[in-house]
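Residue numbers (the numbering used here), protein chains in the order written: chain A, 6 to 391; chain B, 1310 to 1574.
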């Protein structure tokens, strides 16, 4: 048997193809008991397929699924202790709310008296008391979602799988349901595995997020960790907004990297593992827009140790709660740098082309994946920029 | 302006009226002359219901009706069961190899000239020494009716599959069989019944195939009508045709009622 603190559900090296398309490439993941884990990624990234493999609707080409230490890879859906809340609810249209929720218990031949009690409990849990005899076809999307939730929860599964359950609801209702789901999950202590393409939804509810892209998990971690320390440009860009640039390592000495940003600006950066950044390699790096401070006067002091990029203002958009400032620090035709600020000085419109300075604290520069080796011929800017 | 619009309108309505007359005048004539109090269908002599009365006292005719009804019921039952199984395979396994061919093969009986069907069935039955009796005729009718039951049931099962109801049932602990029996079958029932009604109609009216393979002593309604016609079109045949028309229309209305979207009901 497994140790008591082992993972509740393990995905081990799962690969899955449909015809010629590989949708999952050796996914491995441990899910802890009682956690709210979200699979986040764009459509076609493999997150729903992973969920369907856990539920038993798809068989992996190779790899294993372990639930509480038991290999369940070959078990049919009806012999797995996991229940699913489907994207379009999948309520049985010929059953009342009561009979929908009671379905799982009836299949397991639970005595009718107990069924009645547990259905009423489950419905009160999702705030649908009194709806027992309703026809599901006469309900609103939000109500149908609650019925689907009650139907899946009533069997007290070890893991509850949720496949974009809020996708069909309007924004306001979705926000409400997000908080409600989170509260419910905490109260019941059931492990939730939640699939969504909405990064805000993932940030709101999850204990941990697995970011999927093209059939692999790019990063797994707590929401703050994923936002603050993204490992790849995909993660940095998909979760929140990010300015992604490239930087070449000039040399690395004693934990200090000398970098050349966009082949224009040289600066030094302290890193934990300098050996991971060999000289001559080009890396991607990201800067969050809200971590960029825009100055319009050069004599304004920067924070100590901050990198100051002289730039030209390209555009200034006032959004009410914040302003977006687009800067061109790398000259005409170079990449733009987006800054988001709540500072009132950005409310006033400012002429495009005015000089500006972007201050970026060095700890806000996020080193990402390598993109290639530097070759002299590829960078004519090297010589033209003095 | 208004005058032009009216004349344009009346041209259109004349055309439509002519079209409907072309379609339904023969039926109307048949209907009217079924009440004609004369042996020959040429001139109107007076109103009578005696031809209808006679129908019900014609033992041979009643016998043919009985044969046709039994045949149509059997064929509809066989075609419905086979149609359900075939459709279920298509709905449950959307991506199996040769699916297109599998699908297309079921509509072949629909496109094949009935004469070819009749001849090939006859040749087949004779070659493998299957007696030409009620059983083989019912199987032949089921074959002709199969495309109708499949098209009706398949559409419903595919839409049920897309709503993932069987997945949901199995997720909650139901085996494949339980999911089919408790979820799919009750929801597909109207489509199955509507397909069965179509199959019944197709079998009941079939003449060509039946003419080829019906053994001695098996007289269905269309065959009986054909043999009566050899002695001329009598008002009795008109009356019979009217009864058959009423029955067919009733069945088609039932089919329409059942194949409506259950959500719109």
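For glycine and all other residues, C-beta sits at the position ideal for the given N, C-alpha and C.
CB contact below 8 Å: residue i versus chain A
{"i": "residue 1473 of chain B", "result": "yes"}
{"i": "residue 1492 of chain B", "result": "yes"}
{"i": "residue 1410 of chain B", "result": "no"}
Below-8 Å beta-carbon distance, residue i vs any chain B residue
{"i": "residue 95 of chain A", "result": "yes"}
{"i": "residue 156 of chain A", "result": "yes"}
{"i": "residue 54 of chain A", "result": "no"}
{"i": "residue 7 of chain A", "result": "At residue 7 of chain A, the pLDDT of 47 sits below 50, so the modelled position is not reliable; the number obtained from the coordinates is stated separately. By this cut-off, residue 7 of chain A is not an interface position."}
{"i": "residue 44 of chain A", "result": "no"}
{"i": "residue 397 of chain A", "result": "No answer is possible for residue 397 of chain A: the residues shown for chain A start at 6 and end at 391."}
beta-carbon residue i near the ligand NAD non-hydrogen atom, thresh 7 Å
{"i": "residue 92 of chain A", "result": "No copy of the ligand NAD appears in this structure; indeed no ligand is present at all."}
Interface residues of chain B facing residue i [CB-CB closer than 7 Å]
{"i": "residue 394 of chain A", "result": "Because residue 394 of chain A is not part of the residues shown, which for chain A are 6 to 391, the question remains open."}
{"i": "residue 4 of chain A", "result": "Residue numbering for chain A in the displayed model covers 6 to 391; residue 4 of chain A lies beyond these limits and cannot be assessed."}
{"i": "residue 88 of chain A", "result": "1480 and 1481"}
{"i": "residue 62 of chain A", "result": "1476"}
{"i": "residue 243 of chain A", "result": "Here the premise fails: no neighbours, minimum Cβ distance about 27 Å."}
Within chain A, the residues that residue i reaches when beta carbons sit closer than 9 Å
{"i": "residue 1487 of chain B", "result": "83 and 112"}
Cβ neighbour criterion (16 or more within 10 Å) applied to residue i
{"i": "residue 1540 of chain B", "result": "exposed"}
{"i": "residue 1371 of chain B", "result": "exposed"}
{"i": "residue 224 of chain A", "result": "buried"}
{"i": "residue 1554 of chain B", "result": "exposed"}
{"i": "residue 129 of chain A", "result": "exposed"}
{"i": "residue 65 of chain A", "result": "buried"}
{"i": "residue 280 of chain A", "result": "exposed"}
{"i": "residue 391 of chain A", "result": "The predicted position of residue 391 of chain A is uncertain, since its pLDDT is 34 and thus under 50; a value taken from the coordinates is nonetheless stated next. Burial call: exposed."}
{"i": "residue 1502 of chain B", "result": "buried"}
{"i": "residue 267 of chain A", "result": "buried"}
{"i": "residue 1385 of chain B", "result": "buried"}
{"i": "residue 389 of chain A", "result": "Low confidence applies here, because residue 389 of chain A scores a pLDDT of 39, under 50, leaving its location unreliable; read the following figure in that light. Exposed."}
{"i": "residue 1565 of chain B", "result": "exposed"}
{"i": "residue 152 of chain A", "result": "buried"}
{"i": "residue 1407 of chain B", "result": "exposed"}
{"i": "residue 202 of chain A", "result": "buried"}
{"i": "residue 1525 of chain B", "result": "exposed"}
Contact set between residue i and chain B, taken where Cβ atoms lie within less than 9 Å
{"i": "residue 160 of chain A", "result": "1481 and 1482"}
Under 8 Å between C-beta atoms of residue i and residue j
{"i": "residue 41 of chain A", "j": "residue 212 of chain A", "result": "yes"}
{"i": "residue 318 of chain A", "j": "residue 361 of chain A", "result": "yes"}
{"i": "residue 263 of chain A", "j": "residue 255 of chain A", "result": "yes"}
{"i": "residue 307 of chain A", "j": "residue 367 of chain A", "result": "no"}
{"i": "residue 196 of chain A", "j": "residue 13 of chain A", "result": "yes"}
{"i": "residue 287 of chain A", "j": "residue 253 of chain A", "result": "yes"}
{"i": "residue 81 of chain A", "j": "residue 109 of chain A", "result": "no"}
{"i": "residue 1512 of chain B", "j": "residue 1381 of chain B", "result": "yes"}
{"i": "residue 1522 of chain B", "j": "residue 1434 of chain B", "result": "yes"}
{"i": "residue 84 of chain A", "j": "residue 76 of chain A", "result": "no"}
{"i": "residue 1504 of chain B", "j": "residue 1458 of chain B", "result": "yes"}
{"i": "residue 1528 of chain B", "j": "residue 1376 of chain B", "result": "yes"}
{"i": "residue 1547 of chain B", "j": "residue 1343 of chain B", "result": "yes"}
{"i": "residue 334 of chain A", "j": "residue 314 of chain A", "result": "yes"}
{"i": "residue 159 of chain A", "j": "residue 207 of chain A", "result": "no"}
{"i": "residue 112 of chain A", "j": "residue 1487 of chain B", "result": "yes"}
{"i": "residue 1560 of chain B", "j": "residue 1462 of chain B", "result": "no"}
{"i": "residue 15 of chain A", "j": "residue 71 of chain A", "result": "yes"}
message = Counting beta carbon pairs with one atom in the region 335-350 of chain A and one in the region 290-297 of chain A, are three or more of them shorter than 8 Å?
response = yes
- request: Tell me, please, whether the region 50-62 of chain A touches the region 156-176 of chain A by the rule of three or more beta-carbon pairs shorter than 8 Å.
  value: Touching, yes, given that three or more Cβ pairs across the two stretches are closer than 8 Å.
So does the region 1321-1339 of chain B actually touch the region 1516-1531 of chain B, counting three or more Cβ pairs closer than 8 Å?
no
>> Is it the case that the region 1420-1427 of chain B contacts the region 1532-1548 of chain B, given that we only count it when at least three CB pairs across the two stretches are under 8 Å?
In response: no
(message) Using 8 Å as the cut-off, can you tell me whether the region 144-157 of chain A makes contact with the region 170-181 of chain A, which would need three or more C-beta pairs spanning the two stretches below that distance?
(response) Under the Cβ criterion (8 Å, minimum of three pairs), the region 144-157 of chain A counts as touching the region 170-181 of chain A.
#### Entry: Stretch-stretch touch, CB-based, cutoff 8 Å, three pairs: the region 1474-1486 of chain B with the region 86-97 of chain A
yes
Check whether the region 225-239 of chain A touches the region 368-380 of chain A, counting contact only when three or more Cβ pairs, one atom from each stretch, lie closer than 8 Å.
-> yes
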